[in-house]
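Asker: The opening position of the sequence shown corresponds to residue 12 in my numbering, with each subsequent residue numbered one higher. Quick reminder that beta carbons are idealized off the backbone N, C-alpha and C, glycines included.
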Amino acid sequence: ENNFRTEEYLPSGREYFNCSVSSAMYKSWSPDYPDTQYITLYRDNMDMYGVIRKTEDGFFQTSAIPSSFVKLQDIRRLVYGLWAKEKRSPTVYVEQKGAICYVRLPSHLPKKEQDLFYLIGWPRYNYRNKTQYVIPTMLMPFVEKLLQPLNLEVEYK
12 ENNFRTEEYL
22 PSGREYFNCS
32 VSSAMYKSWS
42 PDYPDTQYIT
52 LYRDNMDMYG
62 VIRKTEDGFF
72 QTSAIPSSFV
82 KLQDIRRLVY
92 GLWAKEKRSP
102 TVYVEQKGAI
112 CYVRLPSHLP
122 KKEQDLFYLI
132 GWPRYNYRNK
142 TQYVIPTMLM
152 PFVEKLLQPL
162 NLEVEYK
């Protein structure tokens, strides 16, 4: 409670994460505050994020997220949690072809999980691809455990 600052008005130029949109993460930010949500994330630019909630009396309470958290791309961890809270967990699609699996993520992962994906697999089309991987089939149980805390559902085709 003590880390929240009360504001009467929302500043212009700020974007808000809308959990009810189940498309890619980058498409889920809007300049309009999503009134259907009690709590969500805001961003003032790509380096300044925070948590925002609307109080019963119509005021907004905000709390900035530390820049170290932003640098680790852990904002994505919060986004996945908000989606899960709204029962809109994204799906990871897996196509198994013998000893390998093609894994398609709905969006980029937080840095820790992203680095682990680079260790156990290969980006599918080019070295900068962060949403499609080729992973050995025998490592898929590990992949599923890795994605479980992010509330990502794995679906095999």
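Pull up the DSSP beta-bridge partners for I146, would you.
Answerer: According to DSSP, I146 bridges with C112.
Asker: Output needed for W40: all residues of its chain with C-beta closer than 8 Å, excluding positions within five of it in sequence on either side, in chain order.
Answerer: Contacts found: E26, Y27, F28, N29 and R54.
Asker: With a threshold of 16 other CB atoms inside 10 Å of the CB of F70, please say whether the residue is buried or exposed.
Answerer: The residue in question, F70, is exposed, as its Cβ has fewer than 16 Cβ neighbours within 10 Å.
Asker: Can you give me the Cβ contacts of V173 inside the same chain, cut-off strictly under 6 Å, excluding the 5 residues immediately before and after it?
Answerer: Because the chain in this structure spans residues 12 to 168, residue 173 falls outside the shown range and cannot be described.
Asker: I need the straight-line Cα distance from A110 to W94, nearest angstrom please.
Answerer: Whole-angstrom Cα-Cα distance: 32 Å.
Asker: Name the two residues that bound the continuous alpha helix (DSSP H) containing Y91.
Answerer: It spans I86 to K96 - the alpha helix (DSSP H) in which Y91 sits, taken as one unbroken run.
Asker: Between the alpha carbons of L150 and K108, how many angstroms are there, rounded?
Answerer: Rounded to the nearest angstrom, the two C-alpha atoms are 14 Å apart.
Asker: Within 10 Å of its beta-carbon, does G132 have 16 or more other beta-carbons around it, so buried, or fewer, so exposed?
Answerer: When all chains shown are included, G132 counts as buried.
Asker: I need the DSSP call for S79, collapsed to helix, strand or coil.
Answerer: In this structure, S79 counts as helix in the three-state DSSP scheme.
Asker: Could you tell me whether the Cβ atoms of L52 and L89 are closer together than 8 Å?
Answerer: Yes, the Cβ-Cβ distance between L52 and L89 is below 8 Å.
Asker: Specify whether the stretch 74-91 and the stretch 54-65 touch according to this definition: at least 3 beta carbon pairs, one from each stretch, less than 8 Å apart.
Answerer: In short, these stretches touch, since the Cβ pair count reaches three.
Asker: Which residues share a DSSP beta bridge with M59?
Answerer: Per DSSP, N56.
Asker: Does the separation of the CB atoms of E106 and K168 fall below 8 Å?
Answerer: In contact: E106 and K168 (Cβ atoms closer than 8 Å).
Asker: I need the boundaries of the alpha helix (DSSP H) containing E19, first residue and last residue.
Answerer: Looking at the DSSP string, E19 is not in any alpha helix (DSSP H), and its letter there is neither H nor E.
Asker: Pick helix, strand or coil for E124, following the three-state DSSP scheme.
Answerer: It is helical.
Asker: Applying the criterion that 16 or more other CB atoms from any shown protein chain within 10 Å of the CB defines a buried residue, is I50 buried or exposed?
Answerer: Exposed: under 16 other Cβ atoms inside 10 Å.
Asker: Quick one: give me the first and last residue of the beta strand (DSSP E) that E164 is part of.
Answerer: Segment E164 to Y167, the beta strand (DSSP E) holding E164.
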